[in-house]
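Take a look at the structure set out below.
In our numbering, the protein residues as written are 207 to 434.
Okay, structure coming up:
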(Lines of atoms letter the chains of each structure in order from A and count residues from 1; the text may use other names and numbers.)
(Lines give C-alpha, C1' and ligand atoms only; values in the text may rest on other atoms or scores of the structure.)
Protein backbone atom coordinates (compact mmCIF):
# COMPACT_ATOMS: atom_id res chain seq x y z
CA UNK A 1 0.00 0.00 0.00
CA UNK A 2 2.85 2.37 0.89
CA UNK A 3 4.73 1.59 -2.34
CA UNK A 4 1.66 2.27 -4.46
CA UNK A 5 1.15 5.53 -2.59
CA UNK A 6 4.74 6.70 -3.18
CA UNK A 7 4.56 5.79 -6.87
CA UNK A 8 1.64 8.14 -7.44
CA UNK A 9 3.72 11.34 -7.17
CA UNK A 10 6.33 9.87 -9.53
CA UNK A 11 3.65 8.87 -12.00
CA UNK A 12 2.05 12.30 -11.68
CA UNK A 13 5.40 14.00 -12.30
CA UNK A 14 6.07 11.90 -15.41
CA UNK A 15 2.57 12.63 -16.63
CA UNK A 16 3.11 16.36 -16.24
CA UNK A 17 6.44 16.14 -18.08
CA UNK A 18 4.86 14.11 -20.89
CA UNK A 19 1.99 16.58 -21.18
CA UNK A 20 4.37 19.54 -21.22
CA UNK A 21 6.46 18.00 -23.98
CA UNK A 22 3.38 17.02 -26.00
CA UNK A 23 1.77 20.45 -25.79
CA UNK A 24 5.04 22.31 -26.38
CA UNK A 25 6.89 20.70 -29.31
CA UNK A 26 9.50 23.46 -29.22
CA UNK A 27 10.48 22.35 -25.71
CA UNK A 28 11.14 18.79 -26.91
CA UNK A 29 13.19 20.14 -29.81
CA UNK A 30 15.18 22.31 -27.41
CA UNK A 31 15.92 19.35 -25.14
CA UNK A 32 17.08 17.26 -28.10
CA UNK A 33 19.43 20.03 -29.19
CA UNK A 34 20.88 20.69 -25.74
CA UNK A 35 23.38 17.80 -25.82
CA UNK A 36 24.93 18.48 -29.25
CA UNK A 37 24.74 22.22 -28.64
CA UNK A 38 26.49 21.83 -25.30
CA UNK A 39 29.14 19.68 -26.96
CA UNK A 40 29.74 22.32 -29.61
CA UNK A 41 29.95 25.13 -27.07
CA UNK A 42 32.23 23.33 -24.61
CA UNK A 43 34.47 21.31 -26.93
CA UNK A 44 34.54 23.27 -30.19
CA UNK A 45 34.09 26.88 -29.11
CA UNK A 46 35.99 26.23 -25.89
CA UNK A 47 38.96 24.93 -27.87
CA UNK A 48 38.86 27.95 -30.16
CA UNK A 49 38.71 30.27 -27.15
CA UNK A 50 41.70 28.53 -25.54
CA UNK A 51 43.60 28.76 -28.82
CA UNK A 52 42.79 32.46 -29.08
CA UNK A 53 44.01 33.13 -25.54
CA UNK A 54 47.23 31.16 -26.08
CA UNK A 55 47.91 33.07 -29.30
CA UNK A 56 48.78 36.11 -27.20
CA UNK A 57 51.46 34.15 -25.29
CA UNK A 58 54.98 33.23 -26.39
CA UNK A 59 57.27 30.23 -26.24
CA UNK A 60 60.55 30.53 -24.43
CA UNK A 61 63.31 29.89 -26.96
CA UNK A 62 65.50 28.03 -24.46
CA UNK A 63 63.03 25.89 -22.48
CA UNK A 64 60.15 25.71 -24.96
CA UNK A 65 57.68 26.56 -22.20
CA UNK A 66 54.80 28.98 -22.60
CA UNK A 67 55.50 32.46 -21.26
CA UNK A 68 52.14 33.77 -20.09
CA UNK A 69 52.76 37.41 -20.85
CA UNK A 70 50.55 39.36 -23.24
CA UNK A 71 52.27 39.92 -26.57
CA UNK A 72 51.35 40.56 -30.21
CA UNK A 73 54.55 39.06 -31.62
CA UNK A 74 52.74 35.98 -32.94
CA UNK A 75 50.39 38.15 -34.98
CA UNK A 76 53.26 40.34 -36.17
CA UNK A 77 55.01 37.19 -37.40
CA UNK A 78 52.07 36.52 -39.75
CA UNK A 79 53.16 39.47 -41.88
CA UNK A 80 56.68 38.23 -42.42
CA UNK A 81 57.41 37.45 -46.10
CA UNK A 82 57.75 33.69 -45.52
CA UNK A 83 54.40 33.44 -43.73
CA UNK A 84 52.66 35.70 -46.25
CA UNK A 85 53.91 33.41 -49.02
CA UNK A 86 52.48 30.38 -47.22
CA UNK A 87 49.14 32.12 -46.71
CA UNK A 88 49.00 33.18 -50.36
CA UNK A 89 49.78 29.67 -51.62
CA UNK A 90 47.22 28.15 -49.25
CA UNK A 91 44.45 30.54 -50.29
CA UNK A 92 45.32 30.10 -53.98
CA UNK A 93 45.24 26.31 -53.69
CA UNK A 94 41.92 26.42 -51.82
CA UNK A 95 40.38 28.71 -54.45
CA UNK A 96 41.63 26.58 -57.35
CA UNK A 97 40.38 23.35 -55.76
CA UNK A 98 36.99 24.94 -55.04
CA UNK A 99 36.58 26.10 -58.64
CA UNK A 100 37.62 22.72 -60.05
CA UNK A 101 35.31 20.83 -57.67
CA UNK A 102 32.42 23.06 -58.74
CA UNK A 103 33.15 22.50 -62.44
CA UNK A 104 33.31 18.73 -61.98
CA UNK A 105 30.51 18.40 -59.44
CA UNK A 106 27.74 20.40 -61.10
CA UNK A 107 27.36 18.29 -64.29
CA UNK A 108 27.41 15.06 -62.27
CA UNK A 109 25.00 16.42 -59.67
CA UNK A 110 22.67 17.75 -62.38
CA UNK A 111 22.63 14.38 -64.14
CA UNK A 112 21.93 12.57 -60.88
CA UNK A 113 19.11 14.97 -59.97
CA UNK A 114 17.38 15.20 -63.35
CA UNK A 115 18.21 12.35 -65.69
CA UNK A 116 19.63 9.34 -63.83
CA UNK A 117 17.36 6.35 -63.28
CA UNK A 118 16.96 5.09 -59.71
CA UNK A 119 19.39 2.24 -60.41
CA UNK A 120 21.97 4.52 -62.01
CA UNK A 121 21.55 7.05 -59.23
CA UNK A 122 22.24 4.35 -56.66
CA UNK A 123 25.47 3.38 -58.39
CA UNK A 124 26.50 7.02 -58.69
CA UNK A 125 25.78 7.58 -55.01
CA UNK A 126 27.98 4.57 -54.24
CA UNK A 127 30.77 5.91 -56.44
CA UNK A 128 30.62 9.32 -54.77
CA UNK A 129 30.39 8.00 -51.22
CA UNK A 130 32.89 5.14 -51.56
CA UNK A 131 35.99 7.34 -51.04
CA UNK A 132 34.48 8.66 -47.82
CA UNK A 133 34.60 5.17 -46.30
CA UNK A 134 38.34 5.62 -45.78
CA UNK A 135 39.96 8.30 -43.67
CA UNK A 136 41.31 11.57 -45.01
CA UNK A 137 44.91 10.57 -44.28
CA UNK A 138 44.55 7.25 -46.12
CA UNK A 139 43.19 8.95 -49.24
CA UNK A 140 45.91 11.60 -49.30
CA UNK A 141 48.66 9.02 -48.69
CA UNK A 142 47.25 6.82 -51.46
CA UNK A 143 47.52 9.70 -53.91
CA UNK A 144 51.04 10.38 -52.67
CA UNK A 145 51.99 6.83 -53.68
CA UNK A 146 50.13 7.05 -57.01
CA UNK A 147 51.82 10.32 -57.96
CA UNK A 148 55.29 9.41 -56.68
CA UNK A 149 58.25 9.19 -59.06
CA UNK A 150 57.97 5.38 -58.95
CA UNK A 151 54.16 5.47 -58.88
CA UNK A 152 51.47 4.42 -61.33
CA UNK A 153 51.28 7.76 -63.16
CA UNK A 154 55.02 7.90 -63.86
CA UNK A 155 55.04 4.24 -64.94
CA UNK A 156 52.09 4.78 -67.29
CA UNK A 157 53.65 7.91 -68.78
CA UNK A 158 56.82 5.94 -69.47
CA UNK A 159 54.90 3.04 -71.02
CA UNK A 160 52.92 5.16 -73.47
CA UNK A 161 55.89 7.36 -74.37
CA UNK A 162 54.83 10.66 -72.82
CA UNK A 163 57.51 10.84 -70.15
CA UNK A 164 58.74 14.02 -71.82
CA UNK A 165 55.36 15.63 -71.18
CA UNK A 166 55.43 14.68 -67.50
CA UNK A 167 58.99 16.01 -67.20
CA UNK A 168 57.88 19.27 -68.82
CA UNK A 169 55.03 19.66 -66.36
CA UNK A 170 57.34 18.99 -63.42
CA UNK A 171 59.80 21.57 -64.77
CA UNK A 172 57.13 24.31 -64.76
CA UNK A 173 57.97 27.05 -62.23
CA UNK A 174 54.68 27.20 -60.31
CA UNK A 175 53.02 23.81 -60.58
CA UNK A 176 56.11 21.63 -60.91
CA UNK A 177 58.46 19.93 -58.49
CA UNK A 178 60.76 16.93 -58.06
CA UNK A 179 57.77 14.61 -58.56
CA UNK A 180 54.01 14.88 -58.86
CA UNK A 181 53.55 13.77 -55.26
CA UNK A 182 55.26 16.89 -53.89
CA UNK A 183 54.32 19.35 -56.65
CA UNK A 184 51.53 21.92 -56.54
CA UNK A 185 49.79 20.07 -59.38
CA UNK A 186 49.86 16.81 -57.43
CA UNK A 187 48.43 18.47 -54.33
CA UNK A 188 45.75 20.06 -56.51
CA UNK A 189 44.76 16.65 -57.91
CA UNK A 190 44.70 15.01 -54.47
CA UNK A 191 42.70 17.80 -52.83
CA UNK A 192 40.20 17.85 -55.69
CA UNK A 193 39.65 14.11 -55.29
CA UNK A 194 39.28 14.43 -51.51
CA UNK A 195 36.80 17.31 -51.50
CA UNK A 196 34.78 16.52 -54.64
CA UNK A 197 32.15 14.37 -52.84
CA UNK A 198 31.42 17.25 -50.46
CA UNK A 199 30.57 19.40 -53.49
CA UNK A 200 28.54 16.79 -55.39
CA UNK A 201 26.14 15.78 -52.62
CA UNK A 202 24.88 19.25 -51.55
CA UNK A 203 24.46 20.41 -55.16
CA UNK A 204 22.60 17.22 -56.07
CA UNK A 205 20.30 17.55 -53.06
CA UNK A 206 19.57 21.20 -53.87
CA UNK A 207 18.86 20.51 -57.55
CA UNK A 208 16.60 17.58 -56.71
CA UNK A 209 14.40 19.83 -54.57
CA UNK A 210 13.77 22.33 -57.38
CA UNK A 211 10.31 21.50 -58.85
CA UNK A 212 10.25 20.83 -62.57
CA UNK A 213 7.34 23.26 -62.85
CA UNK A 214 9.77 26.08 -61.99
CA UNK A 215 12.01 25.09 -64.89
CA UNK A 216 9.05 24.86 -67.25
CA UNK A 217 7.78 28.26 -66.12
CA UNK A 218 11.22 29.77 -66.67
CA UNK A 219 11.33 28.32 -70.18
CA UNK A 220 7.81 29.56 -70.95
CA UNK A 221 8.85 33.07 -69.91
CA UNK A 222 11.67 33.03 -72.46
CA UNK A 223 14.69 32.16 -70.33
CA UNK A 224 17.50 30.21 -71.94
CA UNK A 225 18.67 26.93 -70.31
CA UNK A 226 21.79 28.63 -69.00
CA UNK A 227 19.76 31.46 -67.47
CA UNK A 228 17.37 28.99 -65.85
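Even for Gly, the Cβ is constructed at its ideal location relative to N, Cα and C. Note that the structure is a prediction, hence the values are computed from the model and not measured.
Taking C-alpha positions only, residue 267 is separated from residue 305 by approximately 42 Å.
For the pair of segments examined, the segment 336-355 was found to touch the segment 394-412: the number of CB pairs separated by less than 8 Å reaches three. For the pair residue 276 and residue 262, the CB atoms are nearer than the 8 Å cut-off. About 4 Å separates the beta carbons of residue 405 and residue 311, which is inside the 8 Å limit, making them a contact pair. Three or more beta-carbon pairs separated by less than 8 Å are not found between the segment 364-383 and the segment 291-303, which leaves the two stretches without contact. When the Cα atoms are used, residue 417 and residue 317 turn out to be separated by approximately 15 Å.
Shown here for residue 389: same chain residues with a beta carbon closer than 7 Å to its own, the five before and five after excluded, namely 376, 381, 382 and 383 in chain order.
Looking at the DSSP output, residue 380 sits in no beta bridge, so it has no partner there.
C-alpha of residue 224 to C-alpha of residue 246: approximately 28 Å in a straight line. In this structure, residue 372 lies near residue 360, with their beta-carbon atoms less than 8 Å apart.
Residue 414 places its beta carbon 8 Å or farther from that of residue 322.
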